[in-house]
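Engineer: Residue numbers (the working numbering), protein chains in the order written: chain A, 1 to 470; chain B, 471 to 710. Pasting in a structure now, in structure tokens, and then I'll have a few things to ask.
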């Protein structure tokens, strides 16, 4: 009997106009989203290669280590291949960081900053389609699952037979869910095939596992709205009421809660602005510069230059100055780095507290849970961005130490500067987050969505057992 | 056999929808229940089908208490509702197939469905049509076909002739008489006094949840049922 109910549910849905509409729209949107994602990724990859080449050219064109120290080197973020399906925050944050001896590195030149029109509507990726369009379809498929049959009179007719109510609701749930999946599976499979065949898209085994996990997260998200639809349908006596109520809940979950959570977190745990932080760092830099000037004055006062006739003494004096200058430079740079690191740690700690609060508040909404989960798995979320930025900041003292050594070894007395030898320049390295760590990060979101699915389904089940079919 | 003993339904707001209905309909008997809207006819049917629970009393179908064994009692009932809608995207065949399977009839073939549909007066051209293209009368006939296919010993029909043209209505009456001859217990709730006179073995009048009058077909012979109905309703209104 359960099989008959499931079969009927699938057949009834497939033969309905809403299914045809859903199928067509899903196919178009999903394929468009994957295609757009692939094109964006390829464009980003091209830009990344060009940026690396340009950086190398700029470094090689510097005439001395002094100029190189001022210019610094650029660390370019390599685009994530899974940004083809979940673009996450990476279009909003910068793609390149400048590492020099003067300033703390920060990510700059985001896609939005270079072309603000993209910020108006955001990217059209698969996560967006799932978040907005497919969740609405889940509601469209379920808002009248119970109440619609009551209005049609078919529920009464079905229950005038020896059909246990729990069998009926279970059959409707399974059949309805399969019907919802059908218009998704085919375009998603085609989309994944596109990923496989497109040139310059190279997916490792781990990437495929991540894709499967992302699709699983999407499935859970749609299941939340599906079971919610069943629940509300089993609590109302009119399908119009059910639809309106579900629409209200959808708006709240998808748009209001995520945005409100960030605002509320900002009020509860405020953080200093970027300008305040920069001002703090600038103020300290000025102090250090004064200290350097004072130390230099003191040194030359205590170590006057021998006359040019005393060649040996002069040579030794120059060597001593070189060594002193190098040591002073290292000491002051360390002080700046340490102070900046301290300011940065304090800022990061506050920011992370605020972020954690915003994330936890927003997790009331399954939309947030889905987005965090998908972004973690695609490595396009806030966490991966922070890891990358952290790696750049850890690289800065390594680069600074190297450039200071080179500058001090060079001629500081105004003769022809030495052209930089870049062969032994330390390179920035970044290891993306491993699958295990990503999975641990996504687990709370998965558990939350499973909890909601169970909650709503049990609600639908219990409500239907007592449902007035008249 | 279909029986109620002091069957009562009072809602939480105090409304007494059915007031101690005691009634027995035997196999091979057609019982018609009349009454104004809100008189308690549909409440009686909902209690017999187990869609609502009684406040007092019992409803018994083929000796099975509807409250104690709700699922088992439904084995013995075929039901035709007032507005038969069915699944609009399905054809007649598909609807019959689904409801037959729910009724436990798993071995029926397309020819069985076709035969029943012809019996209720549905033309061959309509068998593969989607129900959303059916008229009200055609849907009513299909609802009756669903009930016939279940082949339960008791038939409960709620306004079964509403929406039927005179010819179809007459065919339907003949069908009911056939079923009666086969020993089915038939309980009809109706406003169609004219047709009821020809088929009912007994009629009952409901008013404000009470069965205020019952007459056999013998007692009805020679009496104008319509006049009797109006007179009884009017008389009781005056008494109040």
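For glycine and all other residues, C-beta sits at the position ideal for the given N, C-alpha and C. On a predicted model such as this, the values are computed, not experimentally measured, just so you know.
1) Does the Cβ of residue 266 of chain A have 16 or more other Cβ atoms within 10 Å, making it buried, or fewer, making it exposed?
2) Return no unless some Cβ of chain B is closer than 8 angstroms to the Cβ of residue 265 of chain A.
3) Between residue 360 of chain A and chain B, is there a C-beta pair that is closer than 8 angstroms?
4) Touch check for the region 173-185 of chain A and the region 225-237 of chain A: three-plus C-beta pairs under 8 angstroms?
5) Going along the chain, which residues of the region 167-182 of chain A sit with their C-beta nearer than 8 angstroms to a C-beta in chain B?
6) Pull up the DSSP beta-bridge partners for residue 549 of chain B, would you.
7) Along chain B, which residues have their Cβ under 7 angstroms away from the Cβ of residue 158 of chain A?
8) With the cut-off set at 8 angstroms, would you say residue 509 of chain B and residue 678 of chain B are in Cβ contact?
9) Tell me whether residue 710 of chain B sits in a helix, a strand or coil according to DSSP, three-state version.
10) So residue 148 of chain A contacts chain B; which residues on that side make the cut at Cβ distance below 9 angstroms?
11) For residue 559 of chain B, name the three-state secondary structure that DSSP assigns.
12) Looking only at its chain, what residues have a beta carbon closer than 8 angstroms to the beta carbon of residue 710 of chain B, apart from the 5 residues adjacent to it on each side?
13) Determine the DSSP secondary structure at residue 484 of chain B, reduced to helix, strand or coil.
14) By the 9 angstroms beta-carbon criterion, what residues does the region 655-672 of chain B contribute toward chain A?
15) Would DSSP call residue 11 of chain A helix, strand or coil?
16) Identify whether residue 659 of chain B lies in helix, strand or coil by the three-state DSSP scheme.
17) Using CA coordinates, which residue listed in B/490, B/599, B/507 and B/477 is at the minimum distance from residue 661 of chain B?
18) Tell me the rounded alpha-carbon separation between residue 425 of chain A and residue 322 of chain A.
19) Can you find the residues in the same chain that come closer than 8 angstroms, C-beta to C-beta, to residue 217 of chain A, ignoring five residues on each side of it along the sequence?
20) When DSSP labels each residue in this structure, what does residue 20 of chain A get in the three-state scheme?
21) In or out: residue 102 of chain A buried (at least 16 other Cβ within 10 Å) or exposed?
22) Check the Cβ of residue 547 of chain B against every Cβ in chain A and list those closer than 7 angstroms, keeping chain order.
23) Out of B/557, B/581, B/511 and B/644, point me to the one whose CA is closest to residue 657 of chain B's CA.
24) Using 8 angstroms as the threshold, is the C-beta distance between residue 140 of chain A and residue 149 of chain A below it?
25) Within the continuous beta strand (DSSP E) that includes residue 527 of chain B, where are the two ends?
26) Give the residues from the region 622-641 of chain B that approach chain A closer than 7 angstroms (Cβ to any Cβ), ordered along the chain.
27) Quick one: is residue 557 of chain B near chain A, going by C-beta distance under 8 angstroms?
28) Roughly how many angstroms lie between the CA atoms of residue 169 of chain A and residue 186 of chain A, to the nearest whole one?
29) Are the region 388-400 of chain A and the region 293-304 of chain A touching by the rule of at least three beta carbon pairs closer than 8 angstroms?
30) Using the beta-carbon of each residue, which ones in chain B are nearer than 8 angstroms to residue 4 of chain A?
31) How many Å lie between residue 64 of chain A and residue 56 of chain A at the Cα?
32) Using a Cβ-Cβ distance under 8 angstroms, would residue 488 of chain B count as near chain A?
33) What is the residue span of the alpha helix (DSSP H) that residue 355 of chain A lies within?
34) Using the beta-carbon of each residue, which ones in chain B are nearer than 8 angstroms to residue 20 of chain A?
35) Tell me the DSSP secondary structure of residue 203 of chain A in three-state form.
36) So residue 687 of chain B contacts chain A; which residues on that side make the cut at Cβ distance below 7 angstroms?
Structural biologist: In short:
1) By the 10 Å Cβ count, residue 266 of chain A comes out exposed.
2) Closer than 8 angstroms: no.
3) With 8 angstroms as the cut-off, residue 360 of chain A does not count as an interface residue toward chain B.
4) A contact between stretches requires three or more CB pairs, one per stretch, nearer than 8 angstroms, and the region 173-185 of chain A meets this requirement with the region 225-237 of chain A.
5) Within the region 167-182 of chain A, no residue has a Cβ that lies closer than 8 angstroms to any Cβ of chain B.
6) Paired residue(s): B/626.
7) For residue 158 of chain A, the chain B residues whose C-beta falls within less than 7 angstroms of its own C-beta are 572, listed in chain order.
8) Cβ atoms of residue 509 of chain B and residue 678 of chain B: closer than 8 angstroms.
9) The pLDDT assigned to residue 710 of chain B is 48, lower than 50, so where the model puts this residue is not dependable; a value taken from the coordinates is nonetheless given after this. It is coil, neither helix nor strand.
10) Chain B residues near residue 148 of chain A: none, gap ~10 angstroms exceeds 9 angstroms.
11) Correct three-state label for residue 559 of chain B: coil.
12) Legend: pLDDT at residue 710 of chain B = 48, less than 50; position of this residue unreliable, value from coordinates given subsequently. Excluding residues within five positions, none has a Cβ falling inside 8 angstroms.
13) DSSP places residue 484 of chain B in coil when its eight states are reduced to three.
14) Within the region 655-672 of chain B, no residue has a Cβ that lies closer than 9 angstroms to any Cβ of chain A.
15) In the structure shown, the three-state DSSP call for residue 11 of chain A is helix.
16) Here residue 659 of chain B sits in strand by DSSP.
17) Among B/490, B/599, B/507 and B/477, the Cα nearest to that of residue 661 of chain B belongs to B/507.
18) Each residue's alpha carbon lies about 21 angstroms from the other.
19) Around residue 217 of chain A: 370, 373, 374, 377, 442, 445, 446 and 449.
20) DSSP, reduced to helix, strand and coil, places residue 20 of chain A within a helical segment of the structure shown.
21) It counts as exposed.
22) The answer, in chain order, is 160.
23) It is B/511 whose Cα lies nearest to the Cα of residue 657 of chain B.
24) Cβ distance not < 8 angstroms, so residue 140 of chain A and residue 149 of chain A don't count as in contact.
25) Start and end: 526-531.
26) Per Cβ criterion, the list is empty.
27) Yes, residue 557 of chain B counts as interfacial toward chain A.
28) Going by the C-alpha atoms only, they are around 27 angstroms apart.
29) They do not touch, by the three-pair rule.
30) 568, 571 and 572, listed in chain order.
31) Inter-residue distance for residue 64 of chain A and residue 56 of chain A is about 15 angstroms (C-alpha atoms, whole angstroms).
32) Chain A has no Cβ within less than 8 angstroms of the Cβ of residue 488 of chain B.
33) Run containing residue 355 of chain A: 311-362, per the alpha helix (DSSP H) assignment.
34) At a C-beta separation below 8 angstroms, residue 20 of chain A has no neighbours in chain B, since its nearest C-beta there lies roughly 11 angstroms away.
35) Three-state DSSP puts residue 203 of chain A in coil, outside helix and strand.
36) Per Cβ cutoff of 7 angstroms: no residues; residue 687 of chain B is ~28 angstroms from chain A at best.
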